[in-house]
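The numbering of the sequence shown is UniProt numbering, which starts it at 1 and goes up by one. For every residue, glycine included, the Cβ atom is placed at its ideal position computed from N, Cα and C. Predicted model only: the values in this text are computed from it and were never measured.
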Amino acid sequence: MSRYLYELLDSMGIDHGESENFTFNRLAWDTRDIDSQSLLLAIAGAHFDPHAHLESLIDQGRIAGALCQRPLGVPRTIPIAHLEAREGEIASWAYDNPSAHLKVVGVTGTNGKSSTVRFLEQVYLSLGYRTATIGTLGCTRNGEPWLPLANTTPRAAQLQHILACCRQQKIQYVFLEVSSHALALGRVEHITFHAAIFTNLTPDHLDFHNTMSDYLHAKMKLFDPAPPIALLHRQRIPLEQEPKAGIVSFGSQATGPFQASDEEVDQKGISFRMAKQQFHSSLRGRGNLENIQGVVAFALLDGQNSQQVSAAVAQLQPIDGRLMPVVSRDKLAIVDYAHTPDALQQLLTSAREMCQGRLILVFGCGGERDQSKRPVMGEIASQLADMCIVTDDNPRSEDPGTIASQILATMDPTKSHLIHDRHQAISEARQLAGPEDLVIIAGKGHEKTQTYSDRTILFSDKDSFQSE
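As structure tokens, then:
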């Protein structure tokens with residue numbers, strides 16, 4: 001990619017002024033990853049403002065130039081009004097609109113994004129396609145780990161770069177988790193979507209969106225305009241009115257060809273009927289049932305053979321940190337990412353169906369996140385589990401004791417107690433568990449670290465349970 005600055009400015013309708021018309025061959029958005037041919041997108045973040053360093057970076061030849069948020073009077077720096085909002089536009093142009101050459105499937109929802117994306121990947125690999133995934137679990141390419149990610153949905157420039165790599169490597173389908181933050185902040189603007197899937201909407205992120213109405217509005221941006229295939233789970237999304245034309249519903253309360261019937265969720269797995277075809281998976285839990293229904297509805301709308309899709313669904317494997325069984329000697333645990341009230345309720349309801357004895361729950365709530373869900377999750381835990389150990393879950397800059405007290409405020413004190421150290425909490429749960437009991441470790445799932453105000457340590461729920 002070798003481009004002239006003037007070409008970019010022309011595409012954006014911006015006057016060249018007295019700017020020098022230099023060339024660049026890559027976009028950069030992080031001053032730790034630059035070279036002499038980089039055009040740096042200088043956007044101030046919460047902890048670092050690159051503007052103060054641009055003059056020295058240019059003088060030293062470490063970047064070709066920069067687009068910035070304010071005039072600096074420094075050669076090769078071009079101020080762009082609302083630069084942060086135009087990042088996707090700039091990156092899409094620089095990488096020659098890669099999404100137009102791919103089938104990008106966006107998946108949004110409070111819960112189920114990662115599972116749906118990874119199930120789509122498994123099904124479409126089985127059908128013979130070249131695939132990539134982008135989301136909370138990082139990026140994969142044809143089912144193999146590819147790139148780690150800091151966010152569920154990367155910033156716009158990084159996302160366009162990943163899509164450009166997918167195009168170069170002849171990927172056909174890209175399954176992309178689209179968070180509400182990404183939609184509100186414009187990270188997926190200037191992406192051409194082949195399809196959009198909305199899994200569910202339950203209270204979360206209200207520290208960012210303020211109200212459920214704002215939260216829903218952010219999610220629905222994925223459907224404006226509606227892509228060729230637009231799907232939502234009618235039962236799990238509280239729309240104020242019927243979906244607009246072009247959006248198809250799926251699930252047991254849907255109308256039309258993607259209504260699910262004959263649903264079964266038990267210890268043998270899950271099954272349902274859709275579009276005159278029976279589907280079965282050995283995976284357990286209602287959450288998996290609903291996610292797989294979305295996968296099936298998309299695949300059939302996408303023109304795939306229903307019998308081949310059914311065969312692929314029958315071979316689906318568990319997703320890392322999602323209703324994941326973990327064995328330690330004769331003790332069994334389920335490790336799950338559930339970190340919202342709805343996800344915790346579904347997890348415990350599904351776990352009850354698998355358990356002959358007691359449910360012993362280990363969980364906490366993350367710091368610097370929506371505080372309103374903490375007492376709600378405490379109440380759900382107290383109602384649905386037989387024993388609860390409240391522990392730390394990425395407290396970040398918040399006081400772990402304050403977080404725990406907000407959770408414990410609604411819990412039955414006779415069957416709940418606090419152990420801040422997560423490893424000790426998991427160890428206690430394992431020791432308490434009898435032969436028929438089931439330990440549930442909720443909140444972190446696949447994560448490999450635990451973050452405090454002054455440090456981040458390596459930590460895995462799975463490894464902790466299996467360590468003794």
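Over what stretch of residues does the alpha helix (DSSP H) that includes residue i continue unbroken?
{"i": "residue 345", "result": "341–354"}
{"i": "residue 93", "result": "87–94"}
{"i": "residue 295", "result": "286–301"}
{"i": "residue 452", "result": "Careful: residue 452 lies outside any alpha helix (DSSP H) and carries neither H nor E."}
{"i": "residue 141", "result": "Counting along the chain, residue 141 falls outside any alpha helix (DSSP H), though it belongs to the beta strand (DSSP E) covering 138–141."}
{"i": "residue 407", "result": "400–408"}
{"i": "residue 311", "result": "306–314"}
{"i": "residue 269", "result": "Taken as a continuous stretch (DSSP letters only), residue 269 belongs to no alpha helix (DSSP H), being part of the beta strand (DSSP E) at 269–274."}
{"i": "residue 115", "result": "113–126"}
Below 8 Å on the Cβ atoms is my guess for residue i versus residue j; work out the distance and round it to an integer in Å.
{"i": "residue 67", "j": "residue 83", "result": "6 Å"}
{"i": "residue 385", "j": "residue 361", "result": "4 Å"}
{"i": "residue 323", "j": "residue 336", "result": "5 Å"}
{"i": "residue 269", "j": "residue 282", "result": "4 Å"}
{"i": "residue 248", "j": "residue 175", "result": "With a Cβ gap of about 18 Å, residue 248 and residue 175 do not count as contacting."}
{"i": "residue 137", "j": "residue 342", "result": "Wrong, their Cβ atoms sit about 20 Å apart, outside the cutoff."}
{"i": "residue 63", "j": "residue 75", "result": "No, residue 63 and residue 75 are not in contact; Cβ-Cβ is about 12 Å, not under 8 Å."}
Helix, strand or coil: how does DSSP classify residue i here?
{"i": "residue 58", "result": "helix"}
{"i": "residue 366", "result": "coil"}
{"i": "residue 252", "result": "coil"}
{"i": "residue 173", "result": "strand"}
{"i": "residue 441", "result": "strand"}
{"i": "residue 470", "result": "The structure shown does not extend to residue 470, since the chain spans only 1 to 468, so no value can be given for it."}
{"i": "residue 326", "result": "strand"}
{"i": "residue 446", "result": "coil"}
{"i": "residue 103", "result": "strand"}
{"i": "residue 428", "result": "helix"}
{"i": "residue 230", "result": "strand"}
{"i": "residue 65", "result": "strand"}
{"i": "residue 278", "result": "strand"}
{"i": "residue 471", "result": "In the structure as shown, the chain begins at 1 and stops at 468. Residue 471 is therefore absent and cannot be evaluated."}
{"i": "residue 225", "result": "coil"}
{"i": "residue 359", "result": "strand"}
So, is residue i buried or exposed, given that buried needs 16 or more other C-beta atoms within 10 angstroms?
{"i": "residue 395", "result": "buried"}
{"i": "residue 305", "result": "exposed"}
{"i": "residue 444", "result": "buried"}
{"i": "residue 50", "result": "buried"}
{"i": "residue 113", "result": "buried"}
{"i": "residue 457", "result": "exposed"}
{"i": "residue 48", "result": "exposed"}
{"i": "residue 219", "result": "buried"}
{"i": "residue 158", "result": "buried"}
Thinking just about the alpha-carbon of each residue, which of the options is nearest to the one in residue i?
{"i": "residue 460", "options": "156, 434, 442", "result": "442"}
{"i": "residue 432", "options": "332, 135, 367", "result": "332"}
{"i": "residue 375", "options": "410, 280, 60", "result": "410"}
{"i": "residue 212", "options": "109, 69, 278", "result": "109"}
{"i": "residue 27", "options": "372, 6, 65", "result": "65"}
Between which two residues does the beta strand (DSSP E) holding residue i run?
{"i": "residue 388", "result": "387–390"}
{"i": "residue 331", "result": "331–336"}
{"i": "residue 40", "result": "38–42"}
{"i": "residue 133", "result": "131–135"}
{"i": "residue 417", "result": "416–418"}
{"i": "residue 78", "result": "77–79"}
{"i": "residue 183", "result": "Segment 180–184 is the alpha helix (DSSP H) holding residue 183; no beta strand (DSSP E) there."}
{"i": "residue 144", "result": "144–147"}
{"i": "residue 194", "result": "193–198"}
Taking 8 Å as the CB-CB limit, is residue i close to chain D?
{"i": "residue 394", "result": "Considering every chain present, this structure includes no chain D. It has just one protein chain."}
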